[in-house]
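Only one structure is covered here, and it is reproduced in the block below.
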Amino acid sequence: MTHIKASDIVVEFPIYGAKNRSIKNTFLYAATGGRLARDSAERVVVRALNGVSFEFGEGDRIGIVGHNGSGKTTLLRVIAGAYEPVGGSIEVSGRVASMLSIDVGMDMEATGYENIFLRAAIMGLKPGKIPPLVDEICEFSELGDYIDMPVRTYSSGMSLRLAFAISTCVSADIILMDEWLSVGDAAFSEKAQKRLDDLIGQAKILILASHNEKLIEKSSNKIMHLDHVDLVKLQAI
Amino acid sequence: MSAGVQRIRAALNDLKEGICSIYVWPMLGWLEIKQRYRRSVLGPFWLTISTGVMIGGMGPLYGRLLDQDTSAYFPYLAVSFVVWMLLANLITDACTAFISAEGFIKQIKLPFTVYILRVVWKNLIIFGHNLLIVIVVLVFFRPSLGWYLLLVPLSVMLISINGIWIGILLGLLCARFRDIPQIIGSLVQIAFFLTPVMWKATMLGQHQWAANFNPLFHFLEIVRAPLMNSDPALVSWLVAIGITVVGFTVALAMFSRFRARIAYWV
Chain A
240 MTHIKASDIV
250 VEFPIYGAKN
260 RSIKNTFLYA
270 ATGGRLARDS
280 AERVVVRALN
290 GVSFEFGEGD
300 RIGIVGHNGS
310 GKTTLLRVIA
320 GAYEPVGGSI
330 EVSGRVASML
340 SIDVGMDMEA
350 TGYENIFLRA
360 AIMGLKPGKI
370 PPLVDEICEF
380 SELGDYIDMP
390 VRTYSSGMSL
400 RLAFAISTCV
410 SADIILMDEW
420 LSVGDAAFSE
430 KAQKRLDDLI
440 GQAKILILAS
450 HNEKLIEKSS
460 NKIMHLDHVD
470 LVKLQAI
Chain B
2 MSAGVQRIRA
12 ALNDLKEGIC
22 SIYVWPMLGW
32 LEIKQRYRRS
42 VLGPFWLTIS
52 TGVMIGGMGP
62 LYGRLLDQDT
72 SAYFPYLAVS
82 FVVWMLLANL
92 ITDACTAFIS
102 AEGFIKQIKL
112 PFTVYILRVV
122 WKNLIIFGHN
132 LLIVIVVLVF
142 FRPSLGWYLL
152 LVPLSVMLIS
162 INGIWIGILL
172 GLLCARFRDI
182 PQIIGSLVQI
192 AFFLTPVMWK
202 ATMLGQHQWA
212 ANFNPLFHFL
222 EIVRAPLMNS
232 DPALVSWLVA
242 IGITVVGFTV
252 ALAMFSRFRA
262 RIAYWV
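Following this line, the structure appears as C-alpha cells:
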C-alpha cells in the first residue's frame, strides 16, 4: 500500500552565522558561562514547518499552494527523505521519484552517455537494469551524436532534456514535483508533457507544489494550503 | 522502543545500506579522480608521477642528512611516504566528506555512509596508483622479502575500515564546526614530521618508546613492517585493532545522535 502519513512534523533550520559556526564560540561559551550562554540559547532558528499533519493514500493528487517561504519545498524534501523532521514523524511507503532537482549527480565533464549511468545509479537503479533504458533515453532526449560529447558542450536546453529523460525513465509510486517541469522548445515540450503525464498516470500519489492556481486545479484532486509554515487546510476539489 | 534505541538502529541501518550501495560509492569515488584528471594525457597516473618525484627528490637528500645507507633508506622512505599519504589523505578528506556532498544531501535520500565510503574508495584508488612506485623501488633495490608480505592486504584493509569511523566522526564535526577542517589540516601537516615517516623510530635511541604513543606510527608500521621484511609488529597490530574498536564505538554513538542533523548542517 502506497501511503504517506505525517503527524505534527516540525522542521527548523538553525542559522549558523560567522558567530555561531566557529568552535571558538563554543569554547568561549564553556569558559565564560552566562554571558555567551544567553547568546547561544538565542540561536537564530528558522521554523520552516510548524506541526504539519496529513495523510495521503492511493489516488491522491495533491497540489500544495502557499506564498514564497511558506514551506512548500521544505515539505517536499521532508517527504523525499532528505530532511528528517526535528519533531513529529513521517512515514512514507512506496518508491519515491523526486523531481525536485533532476540534475543531482550530473557531471559536466562526463559524456551524456556516462551521465545516464551516473544519474541512474544515484536514483537507485542496478547496473543491469540501466542498459535497456539507455536507447530509450537517447532517443527521447533527441541528442543524437551529442550523447557521446561531454555535457559541458550542451546548450542548457539540451542538458535539461537529458536530465528530464533520465529522471522520468522509471515509474514510481509517489512523485514529488516543485513546479511543473517544462523542457525545451514547443515541439519537445509537448512530447515531454506527454511523458510526464504517462508517468504521473502510473503513479499512485502525486504531490505538486506550485504558484500556478490553474495548473493545480487541473492536475490535483486535493489542495493543501500552507500559510506561514502552518498547514491551514486541506480541501478536496 | 525508546528514542535512543531507535536512533542507534537508524544509524546502523544507514551503515548497512551504505555499504550495500556497491553501485554508488565506488562510482562516485572514481568520478572524483576522473574529474580531477579529465583532459590530461596521463590521467590519474599524475598521482604516481607526483609522488614519485617527491620520493625521488627526498630520498637522496634525507638519506644523506640522516646519515643512512641509501639502498636501505630509499625503499624505507618510499614505503613510508606512500602509506603516509593514504593515512593523511583519509584524515583530511574525512573532514569534507559531508560538506562536499551538500548538493546530494539536501536533495535526495542516500545513506550518509555512501559519502564516507566514497572518500575511502577514492583514497584507495590513489593508494593503488602510488603503490606502483613502491613496486618499482622494491624491484630496483631488491630488499629481502618474506611471507610477511601477505599481511599487507590485511593491513591496508584495516586502515580502510578505520577510514570509515574517521570519516563519520570528522565528517560530522566538520559539518557542524567549520574551523575543524583547518585545525585537522595543520595537525596532519605537523604529524608528518613527528611521525617516523622520513626517520626511523630506532633513531630516537633511548627515547624510542615515545613513538609508541603516536597512533599513526602503528598504522604506518602494520603496512611498513611486512614490506621491510621485519617483525610483523605485533604491538602495532594490537594497538591498531584496539583503536578500530574504540573509534567505531565513539563514531557510532555520535552518528546515532547527530545523523539526522547532517542535512541541516551542511
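In order, the protein sequence lines correspond to chains A and B. Heads up, the first sequence is in the working numbering, so the first residue is 240 and it goes up one at a time. Heads up, the second sequence is in the working numbering, so the first residue is 2 and it goes up one at a time. Even glycine gets a Cβ: it sits at the ideal position worked out from N, Cα and C.
Decide if the stretch 371-391 of chain A is in contact with the stretch 304-312 of chain A; the criterion is three or more beta carbon pairs, one per stretch, under 8 Å apart.
no
Quick one: what's got a C-beta closer than 6 Å to W238 (chain B)'s C-beta in the same chain, skipping five residues either side?
I223
Given a cut-off of 7 Å on the beta-carbon distance, is the pair Y149 (chain B) and P76 (chain B) in contact?
no
Whole angstroms is fine: what's the gap from I398 (chain A)'s alpha carbon to L372 (chain A)'s?
It should be pointed out that residue 398 (chain A) corresponds to Ser in this sequence rather than to Ile. Spanning the two alpha carbons is a distance of roughly 18 Å.
Residue-chain proximity (P371 (chain A), chain B), Cβ-Cβ < 7 Å
no
Neighbour-count burial assignment, Q108 (chain B), 16 or more Cβ in a 10 Å radius
buried
Limits of the alpha helix (DSSP H) - the one that I165 (chain B) falls within
Element bounds for I165 (chain B): 152-177.
Own chain residues within Cβ distance below 7 Å of T203 (chain B), not counting five before or after
Q209
Less than 7 Å between the C-beta atoms of D247 (chain A) and G290 (chain A), yes or no?
yes
Is it buried or exposed, C21 (chain B), if we count other Cβ atoms within 10 angstroms and call 16 or more buried?
exposed
Does the distance from the C-beta atom of G344 (chain A) to that of L357 (chain A) stay below 7 Å?
yes
Is the distance from the Cβ of F259 (chain B) to the Cβ of L173 (chain B) below 7 Å?
yes
Below 7 Å between beta carbons is the criterion; list the residues of the stretch 321-332 of chain A that meet it against any residue of chain B, in chain order.
So the close ones are A321, Y322, E323.
Pick out whichever of B:I244, B:F128, B:A95, B:N230 has its Cα sitting closest to the Cα of I184 (chain B).
B:A95
Can the beta-carbon of I34 (chain B) be found less than 7 Å from the beta-carbon of P45 (chain B)?
yes
What is the DSSP secondary structure of T196 (chain B), reduced to helix, strand or coil?
coil
Contact belief for V331 (chain A) with I341 (chain A) at Cβ below 8 Å, rounded distance in angstroms
Actually they do not touch by this definition, with Cβ atoms about 20 Å apart.
Residues of the stretch 73-84 of chain B with Cβ closer than 7 Å to any Cβ of chain A, in chain order
none
Boundaries of the beta strand (DSSP E) in which G290 (chain A) is found, first to last residue:
284-295
In terms of residues, what are the limits of the alpha helix (DSSP H) holding A202 (chain B)?
That residue, A202 (chain B), is in no alpha helix (DSSP H); it is neither H nor E in DSSP.
Does the distance from the CB of L415 (chain A) to the CB of S337 (chain A) come in under 7 Å?
yes
Pairs of beta-carbons, one from the stretch 119-139 of chain B and one from the stretch 45-59 of chain B, closer than 8 Å: are there three or more?
With the cut-off at 8 Å, the stretch 119-139 of chain B and the stretch 45-59 of chain B touch.
Does the beta carbon of K107 (chain B) sit closer than 7 Å to a beta carbon anywhere in chain A?
yes
Count the other CB atoms within 10 Å of the CB of Q474 (chain A); is the residue buried (16 or more) or exposed (fewer)?
Q474 (chain A) comes out exposed.
Residues that M86 (chain B) bridges to, as DSSP identifies them
Paired residues: none, contrary to the question.
Contacts around S161 (chain B), its chain only, beta-carbon distance under 7 Å, and the 5 residues preceding and following it disregarded:
V121, L125
If I measure Cβ to Cβ from S380 (chain A) and keep anything under 6 Å in the same chain, skipping five residues before and after, which residues do I get?
R400, L401, A404
May I ask you to verify whether the stretch 151-168 of chain B touches the stretch 82-92 of chain B, counting CB pairs closer than 8 Å and requiring at least 3?
yes
Among B:K123, B:L195, B:F113, B:N230, the one whose alpha carbon lies nearest that of F214 (chain B):
Considering only alpha carbons, the answer is B:L195.
DSSP bridge partner residues for L91 (chain B) (one or two, in chain order):
Beta-bridge pairing links L91 (chain B) to no other residue.
In terms of residue numbering, what span does the beta strand (DSSP E) encompassing V250 (chain A) cover?
242-253
Restricting to Cα atoms, I'd like to know which of A:I301, A:G327, A:G326 is closest to L315 (chain A).
Per the Cα distances, A:I301.
Between the C-alpha atoms of T245 (chain B) and L235 (chain B), what's the straight-line distance to the nearest angstrom?
15 Å
I'd like to know whether the C-beta atoms of F142 (chain B) and S72 (chain B) end up nearer to each other than 7 Å.
Result yes, Cβ atoms of F142 (chain B) and S72 (chain B) sit closer than 7 Å.
Do you know how far the Cα of V240 (chain B) is from the Cα of G273 (chain A)?
Since pLDDT at G273 (chain A) reaches only 41, below the 50 mark, its modelled position is unreliable, and no value is offered.
Helix or strand or just coil, what does DSSP make of D232 (chain B)?
coil
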